[in-house]
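Structure first, then comments.
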Amino acid sequence: MDALTLARWQFGATAFFHFIYVPLTLGLGWLIAIMKYKYLKTGNKTYDDLAMFFMKLFAINFAVGVATGLTMEFEFGTNWSEYSKLVGDIFGAPLALEGLTAFFLESTFMGIFLFGKGRVSEKVHTFSAFMVAIGGTLSALWILIANSWQQTPEGYKLVETPQGIKAVLTDFLAAVWNHTSAIRFLHTVDGGLITAGFFVMGVSAFFLLKRRHVNFAKLGLKVGLIFTAIAATVQVIFGDIHGWLVAEHQPLKLAMFEGKFKTEKCASLDLFGIIDQEKHESKMLLKIPCLLSILSYHDPNAPVKGVDDLIKEYQQKAKYYASLIPVLEQKLKEAKTPEEMEKIKEQLIMAKVKAHSLNISYEDLPSIPLVFTTFHLMVYLGFFFVVVVLVGLWKLKRGTLYSSKGFLWLLVLSIPLPFLANELGWISTEVGRQPWIVYEILKTADGVSPVPATNVAISLTVFTIIYTILFIIYIYTMTRAIAKGPNIPEEKEINAPTEPNPSFTTAFSSNREVK
Amino acid sequence: MPIELFTTLNGIWFLLAGIFLVGYALTDGFDLGAGAIHLFTKDEEIRKTYMNAIGPVWDGNEVWLIAGGGMLFAAFPVVYAVSFSAFYLAMFLVLWALILRAVSFEYRNKKDSPTWKKWWDRAYWIGNVVPAILYGVAVGNAVLGIPIDQKGVFHGTFFTLLKPAAIFMGFVALFMFVMHGAAYLMIKTEGKAFDFAKKAAIVGFVGYVIFLALTDFFIIATEPKLFMNFFKYPLFWIAPLIMLAGIFFYFKWLIVDEKYNKVIYASSMVIIGSVLTIALASYPVFIRSTIDEKYNLTIWNSASSHLTLLIMLISTLIFLPIVIGYTIYVYRVFKGKVSAEGGYGH
């Protein structure tokens, strides 16, 4: 394999692994903050027990998330140095701002949150919980701004330098607030909230099924359910808007999402299907007529372009830009004023870049079945989550939520599903962005570092080993911590006398048991 | 002193890059130092005490590295891209080590089994020693030069980076962090944990002085032009003078006056002085090219646009003081001695 393929595998694998932990950190931070807040407001000790218990799980998750997140920042330089040189002027800023405004906040208050109980007042402790949640969310904001800029770049111009052509920032707010950053942020963070909601519901359901810490688990389930109900319902709206923006700005990605090779008017939404990429064919089951046109363009008659036509369109555009180059070069020679020269130069660079980057062939496309399947599975899971929470709410109203064993088991088994949905969405959007690393400007192949393939092979191998071990240990410690349960004595559970300084163990320190 | 250090955005960002490098060394430096002596005591109580002393703060400290990397990316993307891809395997060694350290904190005490702890202790030690040494090796290579061409493509291997002077600088960094880590532990611990930290401080001090002398000797012998800047800009002597004052006070407070709570100020001076000495010696070059002087990556040819530098400068001026503010607050919260018992004693 060549260095490019290996580098793509490494980035994909390490990002996939990192993104296992991130959504839970994002969402659980808010849930814990809410629990702490409820404890402050109501004085109900169980809220505090919930917060302290989930804080331990949060800490385990957070540690792996931070450790693997560092990898991502390194890899832009190690494996994608050409990309970093070309767009660093724009792409570097959100990463730096992430460190400055989010990571410091999150990590510093994490220290108070984990170790500060008893040292600081309950108010400060709750405040720390909120700072951790806000820090995590800000970090999501910055990194998704950076990612959105790759998907829908704005606020830049291209300039020629001795080290090659570079994208340079012209309008900071336009680059930051590009077409898709807001919705990408909302959609991803909400994915995290759903993940955490299902996590809290599932763990609470587990205690209820085992008849341990019943009051504790009941409250956890209720908080988790209401939280998730809101998050999962809102996600349907976010998902719709997101899809609509993809249709507008990345039609090729939409065509791959939906497995459309030919342009269709009044395009159908196909629920299931098999795609043969070589033959440019898809066999679909359950077609809902015109729905895709309605969803994508909010107009039943709008045509949805197919992959084949889009490729042709891109090639025509590339030819057009290529034909512009000699014309502009001629103009540049004839230009009289420096302003005119500057303007033509800019157009010339753009033409050169576009003539190269838009010249894509069918073979450059990623696996369409992968994009199609991951996208569709994510959507189905999203609707499944809505159904689950609606059933849950109905059971809560009828008063049978805590006793229906089947439903509780469903909740326990559903814990991994939002994790899966997050990854599926991430795969479909990132693979669907190919063959570009910056949409329609820079091909992924042109962004890779000039590093020998052996080096990448070595690092990929070590990452695979380290991450596999990490994952096993993560699952092991997580399940152990859950099985151990909260630090509250079982029999004293109801109306437990509030101790002046409740004994607790922190994630980092000794595990002295409360007998 | 060259006036453009303060009057141009590129110059100011050179100073800011130095501040982040110093910030990381000052904060995470004592974590690395405390971790580097971890395996040299067999006493479980001391080990646990030390980990508890670091526990609440190491995570925030490591962010200096992440933020520094981000700052470098934003302000000098070419330096970021070239250094990370040229030091490919070295960078990943640092990264894997930091991952090991992060998870060791989290997992070491999750189980009361001696074998479990033995392996996590080793992982933890590696996770501290490797970044400490490579910090110095990386800075050393940037200053001494690596084979990069006009496009910033690196023509060498991992072993190109292992020049003697760069390796000596790796050990300078390691012992510097041991000095700093021991100074921190002397404040945070008492009893036998304190006694061991005091011993470590002496070892760190001796090691630092020896390797500093070796490095200087090597550079004077092989690359004397690295000292040119100090003759061109006499005010640059401030940095080595801070370093020498740090060395003097470290000895004075540790050995002569036995003012153990003050030693950390001396080690901080040593760190600030050492890092700034190297940065100023190299100015305005970030990474020297051994192929041709004109391929050097300087603050002029590898910086971001004016607009990006300005936006990042404003953001830094707003947020960095806030960060420093709440960091100081956290250190205040966790003031006092720690023990091996859960979280914090008393």
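Protein sequence lines correspond, in order, to chains A and B. For the first sequence, the residue numbers in the working numbering are 222 to 736. For the second sequence, the residue numbers in the working numbering are 10 to 355. We treat Cβ as the ideally placed atom computed from N, Cα and C, and that holds for glycine.
**Message:** Please tell me whether A/Lys713 has its Cβ less than 7 angstroms away from any Cβ of chain B.
**Reply:** Low local confidence applies: a pLDDT of 49 at A/Lys713 is under 50, so the model's placement there is unreliable, with the coordinate-based value given in what follows. Among the CB atoms of chain B, none fall inside 7 angstroms of the CB of A/Lys713.
**Request:** Using three-state DSSP, classify A/Glu381 as helix, strand or coil.
**Result:** Look at A/Glu381 here: in three-state DSSP terms it is strand.
**Message:** Looking at the secondary structure, which residues open and close the alpha helix (DSSP H) in which A/Met222 lies?
**Reply:** For A/Met222, no alpha helix (DSSP H) encloses it, and the DSSP letter there is neither H nor E.
**Asked** Listing by chain order, which chain B residues have their CB less than 9 angstroms from the CB of A/Asn708?
**Response** Under the 9 angstroms cutoff, chain B gives no residues; its nearest Cβ is about 11 angstroms from A/Asn708.
**Request:** May I ask you to report which of helix, strand or coil DSSP gives A/Glu502?
**Result:** In the structure shown, A/Glu502 adopts extended strand secondary structure according to DSSP, grouped into three states.
**Request:** Below 8 angstroms on the Cβ atoms is my guess for B/Ser311 versus B/Val162; work out the distance and round it to an integer in Å.
**Result:** B/Ser311 to B/Val162, Cβ: 14 angstroms. No contact.
**Asked** Taking 7 angstroms as the CB-CB cut-off, is B/Gly282 touching chain A?
**Response** Cβ-Cβ to chain A under 7 angstroms: no for B/Gly282.
**Request:** Give a yes or no on contact between the region 160 to 178 of chain B and the region 138 to 149 of chain B, applying the rule of three or more CB pairs nearer than 8 angstroms.
**Result:** Flag = yes, the region 160 to 178 of chain B and the region 138 to 149 of chain B touch.
**CB contact below 7 angstroms: A/Pro374 versus chain B** = So, not an interface residue.
**Request:** Within its chain, find whatever has a CB closer than 7 angstroms to the CB of B/Ala182; leave out the 5 residues flanking it on each side and keep chain order.
**Result:** Counting only residues of its own chain and dropping the five nearest sequence neighbours on each side, B/Ala182 has a CB closer than 7 angstroms to the CB of Ala141, Ile142, Tyr144 and Gly145.
**Message:** Using only the alpha-carbon positions, how far apart do A/Leu252 and A/Met422 sit?
**Reply:** Rounded to whole angstroms, the gap between the alpha carbons of A/Leu252 and A/Met422 is 11 angstroms.
**Request:** May I have the straight-line CA-CA distance separating A/Val410 from A/Ile451, to the nearest angstrom?
**Result:** Rounded to whole angstroms, A/Val410 to A/Ile451 spans 13 angstroms at the Cα level.
**Message:** Is there a C-beta anywhere in chain B that falls below 7 angstroms from the one on A/Ser342?
**Reply:** So no, A/Ser342 is outside the interface.
**Message:** Going residue by residue through the region 253 to 301 of chain B, where are the continuous beta strand (DSSP E) segments of at least 3 residues, counting only ones entirely within it?
**Reply:** If one requires a minimum length of 3 residues, the beta strand (DSSP E) runs lying completely within the region 253 to 301 of chain B are 294 to 296, in chain order.
**Request:** Using a Cβ cut-off of 7 angstroms, pull out every chain B residue sitting near A/Thr322, in sequence order please.
**Result:** Using a Cβ-Cβ cut-off of 7 angstroms, A/Thr322 is close to Phe328 of chain B, given in chain order.
**Item:** Beta-carbon spacing of A/Ser305, A/Phe297 below 7 angstroms
**Value:** A contact, by the Cβ cut-off of 7 angstroms.
**Simplified DSSP assignment, three categories, for A/Glu661** = DSSP places A/Glu661 in coil when its eight states are reduced to three.
**Request:** Check distances from the C-beta atoms of the region 144 to 163 of chain B to those of chain A and list, in chain order, the residues that come in under 9 angstroms.
**Result:** Those residues of the region 144 to 163 of chain B placed with their C-beta closer than 9 angstroms to a C-beta in chain A are Gln159, Lys160, Gly161, Val162 and Phe163, ordered along the chain.
**Request:** Quick one: list the residues of chain A neighbouring B/Pro86, beta-carbon separation under 7 angstroms, in chain order.
**Result:** Within 7 angstroms Cβ-Cβ: Ser305, Lys306, Gly309, Asp310 and Gly313.
**Request:** Using the Cα positions of B/Pro123 and A/Thr299, report the straight-line distance between them to the nearest angstrom.
**Result:** Cα atoms of B/Pro123 and A/Thr299: separation of roughly 38 angstroms, rounded to the nearest angstrom.
**CB contact below 7 angstroms: B/Ala312 versus chain A** = No, its Cβ sits nowhere closer than 7 angstroms to a Cβ of chain A.
**Asked** What did DSSP end up calling A/Val525 once you bin it into helix, strand or coil?
**Response** The three-state secondary structure of A/Val525, taken from DSSP, is strand.
**Item:** Backbone CA spacing between B/Thr372 and B/Tyr292 [nearest angstrom]
**Value:** The structure shown has nothing for residue 372 of chain B, since chain B only spans 10 to 355.
**Exposure of A/Phe312, with buried meaning 16 or more beta-carbon neighbours within 10 Å** = By the neighbour-count rule (16 or more Cβ atoms within 10 Å), A/Phe312 is buried.
**Request:** Find the residues of chain A that neighbour B/Pro293, judging by a C-beta separation of less than 9 angstroms, and give them in chain order.
**Result:** Within chain A, no C-beta atom comes less than 9 angstroms from the C-beta of B/Pro293; the nearest is roughly 17 angstroms away.
**Item:** Alpha carbon of A/Ala453 to alpha carbon of A/Val683, nearest angstrom
**Value:** A/Val683 has its alpha-carbon roughly 37 angstroms from the corresponding atom of A/Ala453.
**Request:** Could you confirm whether any beta carbon from chain B is found closer than 7 angstroms to the beta carbon of A/Glu381?
**Result:** Put simply, the CB of A/Glu381 is far from chain B, with every gap to its CB atoms at 7 angstroms or more.
**Prompt:** In whole angstroms, what separates the C-alpha of A/His463 from that of A/Ala642?
**Reply:** The straight-line gap from Cα to Cα measures roughly 15 angstroms.
**Prompt:** So is B/Phe115 in contact with chain A if we call contact Cβ pairs under 7 angstroms?
**Reply:** In the sequence as displayed, the identity of residue 115 of chain B is Glu instead of Phe. Yes, its Cβ sits closer than 7 angstroms to a Cβ of chain A.
**Asked** Checking contacts by CB at 7 angstroms: is A/Thr329 closer than that to chain B?
**Response** A/Thr329 counts as touching chain B.
**Prompt:** Can we say the region 508 to 520 of chain A touches the region 559 to 574 of chain A, given the rule of at least three CB pairs closer than 8 angstroms?
**Reply:** Touching, no.
**Prompt:** What are the start and end residues of the alpha helix (DSSP H) that includes B/Ile320?
**Reply:** Counting along the chain, the unbroken alpha helix (DSSP H) around B/Ile320 starts and ends at His315 to Val342.
**Asked** Along chain A, which residues have their Cβ under 8 angstroms away from the Cβ of B/Thr336?
**Response** The contacting residues are Phe325 and Thr329.
**Asked** List, in order along the chain, the chain A residues whose C-beta lies closer than 8 angstroms to that of B/Ile108?
**Response** Simply Ala288, Thr289, Leu291, Thr292, Ile687 and Leu691.
**Item:** Neighbourhood of A/Thr698 by C-beta, 7 angstroms cutoff - its chain only, sequence neighbours within 5 removed
**Value:** Closer than 7 angstroms at Cβ, skipping near neighbours: Ile281.
**Request:** Under the assumption that B/Gly42 contacts B/Met195 (Cβ atoms under 8 angstroms), give the Cβ distance between them as a whole number of angstroms.
**Result:** B/Gly42 to B/Met195, Cβ: 12 angstroms. No contact.
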